[in-house]
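Asker:
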Amino acid sequence: RGVQQPVRYRLLDDFIAEAAAGRASVFTSAAMVRRAACLAHGGFPVDESRGEDLDLWIRIGLTAPVAISSYVGCTYRRVADSLTSRPVAGPDISMRTIARHLACDASLTQSREAALKELLNRIAIAHAADCLLRGDAAVAREFLRLSSDTRGQRHRWRLLNLLAHNASSGGGALLRLWIGAKAMARG
Numbered sequence: 055r056g057v058q059q060p061v062r063y064r065l066l067d068d069f070i071a072e073a074a075a076g077r078a079s080v081f082t083s084a085a086m087v088r089r090a091a092c093l094a095h096g097g098f099p100v101d102e103s104r105g106e107d108l109d110l111w112i113r114i115g116l117t118a119p120v121a122i123s124s125y126v127g128c129t130y131r132r133v134a135d136s137l138t139s140r141p142v143a144g145p146d147i148s149m150r151t152i153a154r155h156l157a158c159d160a161s162l163t164q165s166r167e168a169a170l171k172e173l174l175n176r177i178a179i180a181h182a183a184d185c186l187l188r189g190d191a192a193v194a195r196e197f198l199r200l201s202s203d204t205r206g207q208r209h210r211w212r213l214l215n216l217l218a219h220n221a222s223s224g225g226g227a228l229l230r231l232w233i234g235a236k237a238m239a240r241g
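My numbering applies: residue 55 is where the sequence shown begins, and numbers increase by one.
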């Protein structure tokens, strides 16, 4: 386990921009939010099983300050037949929320709009990877089409696109090998 480090806190300048860049190191489904803040932003969407936690964080992050800490209060694991073990077949609620803001929110600054677009791309690329791992190249290609203008995830997008268009040649198996090699390199 090692030596326990002191907990550090940081107020994010812009949760959306940090999440789009992959620097908002918060696991949204294990984060804590004051109940009043959650309810003030509409709470969790009803009848949604994927992306509802990120959807809430996006709505909060668009209008309120977000702080993070280095405290690890839980661990997360995927198990067979859980909601998160099955890939998403289309845009989830977080993607739809971002798309709605991009289409309808005239108050967005250029930098906020760019960050929302990149966050949308990041989510779509993650869904594409999940679909490829499960052998659903057609759905993966659709998520990649939605994220084709990514800037921050360009290398990952190109790799997944190559694998998605060569799925009959074992794209999912190649992706699993790539993920395993990255994990070994991190040590």
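Where a beta carbon is used, it is the ideal one built from N, C-alpha and C, also for glycine.
If we ignore side chains and look at the alpha-carbon of each, how far apart do LEU216 and GLY206 end up?
Answerer: Position 162 of the sequence shown, counted from the start, is the residue given in the question as residue 216. Position 152 of the sequence shown, counted from the start, is the residue given in the question as residue 206. Each residue's Cα considered, the two are about 18 Å apart.
Asker: For a quick check, are the C-beta atoms of LEU66 and VAL120 less than 9 Å apart?
Answerer: In the sequence shown, the residue the question calls residue 66 occupies position 12. In the sequence shown, the residue the question calls residue 120 occupies position 66. A contact, by the Cβ cut-off of 9 Å.
Asker: Report the option in ARG188, ASP101, ILE112 and ALA218 whose CA atom is closest to the CA atom of MET149.
Answerer: Taking the first residue of the sequence shown as position 1, residue 149 is located at position 95. With distances taken between Cα atoms, MET149 lies closest to ILE112.
Asker: Over the uninterrupted alpha helix (DSSP H) stretch that includes ARG113, give me the two end residues.
Answerer: Stepping through the sequence shown from its first residue, residue 113 is reached at position 59. 106-117 is the extent of the alpha helix (DSSP H) around ARG113.
Asker: Which partner residues of ALA121 appear in the DSSP bridge assignment?
Answerer: Counted from its first residue, the sequence shown places residue 121 at position 67. According to DSSP, ALA121 bridges with LEU65.
Asker: So, with DSSP's three-state summary, where would you put PHE98?
Answerer: To locate residue 98, count along the sequence shown from 1; it is residue 44. Of the three classes helix, strand and coil, the one that applies to PHE98 here is coil, per DSSP.
Asker: How many angstroms separate the CA atom of PRO99 from the CA atom of GLU106?
Answerer: The sequence position of residue 99 within the sequence shown is 45, counting from 1. The sequence position of residue 106 within the sequence shown is 52, counting from 1. About 6 Å.
Asker: Name the residue from ARG208, SER123 and SER103 whose alpha carbon lies nearest to the alpha carbon of VAL142.
Answerer: Looking up residue 142 in the sequence shown gives position 88. Residue SER103 is the option with its Cα nearest to VAL142.
Asker: Distance, Cα to Cα, GLU196 vs ASP101?
Answerer: For the purposes of this step, residue 196 is taken as the residue at position 142 of the sequence shown. For the purposes of this step, residue 101 is taken as the residue at position 47 of the sequence shown. In a straight line, the C-alpha of GLU196 is about 23 Å away from that of ASP101.
Asker: Just to confirm my understanding: we take ARG210, look at its own chain, exclude 5 residues before and 5 after, and list those with CB closer than 7 Å. What are they?
Answerer: Within the sequence shown, residue 210 is the residue found at index 156, counting from 1. These residues qualify, in order along the chain: ILE179.
Asker: By Cβ distance below 6 Å, which residues in the same chain neighbour GLY144 in space, the five residues on each side in sequence not counted?
Answerer: The residue labelled residue 144 in the question sits at position 90 within the sequence shown. Hits under 6 Å: none found.
Asker: Report the residue from ALA75, LEU213 and ALA90 whose alpha carbon sits nearest the alpha carbon of LEU110.
Answerer: Working through the sequence shown from its first residue, we reach residue 110 at position 56. Ranking the options by Cα distance to LEU110, first place goes to ALA90.
Asker: Helix, strand or coil: how does DSSP classify ALA151 here?
Answerer: Reading the sequence shown from its first residue, position 97 is the one you call residue 151. The question names Ala, yet the displayed sequence has Thr at residue 151. Of the three classes helix, strand and coil, the one that applies to THR151 here is helix, per DSSP.
Asker: If I'm right that ALA94 touches ARG176 with Cβ under 8 Å, what's the distance once you round it to whole angstroms?
Answerer: For the purposes of this step, residue 94 is identified with residue 40 of the sequence shown, where counting begins at 1. For the purposes of this step, residue 176 is identified with residue 122 of the sequence shown, where counting begins at 1. Between ARG176 and ALA94 the Cβ distance is about 26 Å, and since that is not below 8 Å, they are no contact.
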